[in-house]
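First comes the structure, then the notes that go with it.
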Amino acid sequence: MVQVMLIDLLPLHRRAVYMSYMNLVSTVAVVSGPLVGGAITDHWLWRWCFYLNIPLCVVIAGVCLLTVRGSPAGGTAREKLARIDFAGALLLLAGLVLVLLGLTWGGKDYPWASPAVAVTLVLGVGLLAAFVVVEARYAREPIIPMRLFTDLPLAASLASQFFLGAGITLTVLYLPVYFTVVHGASSTTAGLYLLPYLVGMTVVGLVVGQLVSRLDMYRPFLWAGLAVMTVAAGVLSIVQPDTRLVVVVVLTGLFGVGSGLGMLPLMIATQATCEVRDTATAATLALHLRNVGSIVGIAMVGTIFNNRLIAGLVALAAEFPEDSALIADSINNATIVWNGSLPPAIQARVIACFVHALKATFIANAPFVGAAFATSLFVRHRSLARDSPAAQTSKAAELLPADSV
């Protein structure tokens, strides 16, 4: 909704600057959250990570109620309800849930060829196909207008959003696991090691927001950012247990710089390549696809990580039966790896199992970012000043007869 409000309040050529401000505030929150949460987990009760959100949400709700204003929609309550695409919403939700369940269960809770996985995946894909039919033919005001996918540049930017969401998974979820297991970092310290990523993304994003607005271009920044992210993700896939910590932190910061270069221009490209009437829908769809991409990435990459880790630790437990219980517990409690519970020889082997599983996730993650870069190559340039007052005046003048001008 913040994106929609920015679209409603600002012309396209000014949005990049204010979106960079919004990203700054969001990044400060992202930096603060893990640090505070890590400190609470290390020194207090982890449940307070959830309890403290309650007063924060109360403050947010109060601010919104007091400051956000809007014109009420016309029509009766019955007419407003009739405009809501309930069928599309239900099909989309059910289809996504079933597909994600199948991806999460496969190879971990059930074999990939089991009926549970096959049925959920088939039903999920079928419901998503039905969603497309409903949106294209029957929905009065579809949640996702299918016409957005008929334009190649716009469809390319939306696809890039999906792949980018999946590609950020490793930074958010699995690099802290690497810092904790391999380098014995606490939850707080692991959060600090992510600061180069967050700071790089924020600082570069602020600069890029100004440049996009002033230079009236976004594709060079978009391509450069996604290319840097692809390279950083690829190099991270060759980390070893003895890789120096500073190398991984630098690569994490490089990934953040690429994110700052690419993410904001990609959102601007999505808004610039669509029709004006579809701007709000395209922007929210882009965020939705990025979130869905993150969920799909978590499901797929998480399955790869769990399968590799469990296979390695099961083999190790069979080799050292006297410590099999501790080895098995390390699957769900990584602190066992570095708190001195395991003999040094076994500890090194367990760390090697974790690194082997993490390498598999990094290898699986790199193609997602590469796909985001590849699809972004089809994004076209469109002037950001087309909806400025001067542009609107010029367009109106072109439509008037010469003598009227």
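Quick note, in our numbering, the sequence shown goes up one by one and the last residue is 497.
Note that beta-carbon positions come from the ideal geometry of N, C-alpha and C, so glycine has one too.
So, are the CB atoms of residue i and residue j less than 7 Å apart?
i	j	result
Ala458	Gly326	yes
Gly129	Cys141	yes
Leu353	Val300	yes
Leu290	Val122	yes
Ala319	Thr467	no
Pro245	Val471	yes
Ala375	Ile99	yes
Ala219	Leu185	Note on residue identity: the sequence assigns Leu, not Ala, to residue 219. No. Outside cutoff.
Leu476	Asp308	yes
Thr261	Gly389	yes
Ser422	Val406	no
Ser118	Gly297	no
Ala248	Phe241	no
Pro288	Val341	yes
Asp134	Ser351	no
Gly292	Gly345	yes
Leu314	Pro357	yes
Ala324	Ile396	no
Gly216	Gly198	no
Along the chain, where does the alpha helix (DSSP H) that runs through residue i open and close?
i	result
Trp315	311 to 328
Pro126	104 to 135
Leu356	337 to 365
Lys200	Counting along the chain, Lys200 falls outside any alpha helix (DSSP H), and DSSP gives it neither H nor E.
Ile152	145 to 159
Gln332	Careful: Gln332 lies outside any alpha helix (DSSP H) and carries neither H nor E.
Glu411	371 to 411
Gly166	Taken as a continuous stretch (DSSP letters only), Gly166 belongs to no alpha helix (DSSP H), as it is neither H nor E.
Asp421	416 to 421
Asp243	Premise fails: Asp243 is in no alpha helix (DSSP H) and is neither H nor E.
Thr280	279 to 285
Leu450	436 to 468
Gly218	207 to 225
Please classify residue i as buried or exposed, where buried requires at least 16 neighbouring CB atoms within 10 angstroms.
i	result
Ala108	buried
Ala489	Its pLDDT being 36, under 50, Ala489 is placed unreliably in this model, and the coordinates cannot settle the point.
Ile330	exposed
Gln253	buried
Asn115	buried
Thr196	buried
His105	buried
Thr294	buried
Thr159	exposed
Ala231	buried
Gly162	exposed
Ala437	exposed
Thr168	exposed
Leu328	buried
Tyr143	exposed
Ala378	buried
Ile132	buried
Out of the options, state which residue places its alpha-carbon closest to the alpha-carbon of residue i.
i	options	result
Leu408	Asp334, Cys445, Ala378, Leu379	Cys445
Gly462	Met321, His473, Ile360	Met321
Pro203	Thr263, Leu101, Asn399	Asn399
Met97	Ala181, Trp315, Val150, Thr373	Thr373
Ile387	Leu192, Gly167, Arg229, Gly345	Leu192
Ala361	Leu144, Ser163, Ile132, His473	His473
Val189	Val209, Lys200, Asp177, Tyr113	Val209
Asp415	Leu401, Leu434, Ala364, Arg170	Leu434
Gln95	Val384, Pro413, Ile402, His380	His380
Leu450	Gly385, Gly350, Pro333	Pro333
Tyr110	Ala174, Gly317, Gly198, Ser305	Ser305
Val447	Ala410, Leu377, Leu267	Leu267
Val384	Pro312, Gly259, Ile152, Met93	Gly259
Tyr285	Phe347, Ala165, Tyr310	Phe347
Tyr310	Val273, Met359, Val269	Met359
Here's a check: name, in chain order, each residue in its chain whose Cβ is nearer than 6 Å to the Cβ of residue i, leaving out the five neighbours to either side.
i	result
Glu227	Gly180, Pro234, Ile236, Met238
Pro126	Gly283
His275	Leu337
Ala222	Leu183
Ala277	Phe271
Ala456	Val393, Ile396
Here's a check: name, in chain order, each residue in its chain whose Cβ is nearer than 8 Å to the Cβ of residue i, leaving out the five neighbours to either side.
i	result
Arg382	Gln253, Phe254, Leu256, Gly257
Glu171	none
Phe454	Leu262, Tyr266, Ala325, Leu328, Ser329, Val331
Ala85	The question about residue 85 has no answer here: the residues shown for the chain are numbered 93 through 497.
Could you pull out every residue in the same chain whose Cβ sits closer than 7 Å to the Cβ of residue i, ignoring the five residues on either side in sequence?
i	result
Ile428	Leu418, Asp421, Ser422, Leu434
Asp177	Ala231, Glu233, Pro234, Ile235
Cys366	Leu240, Leu246, Ala374
Ala316	Leu353
Leu401	Ile423, Cys445, Phe446, Ala449
Met93	none
Arg175	Arg232, Glu233
Cβ of residue i within 6 Å of any heavy atom in the ligand PLP?
i	result
Tyr202	With respect to the ligand PLP, the structure shown offers nothing to examine, as it has no ligands at all.
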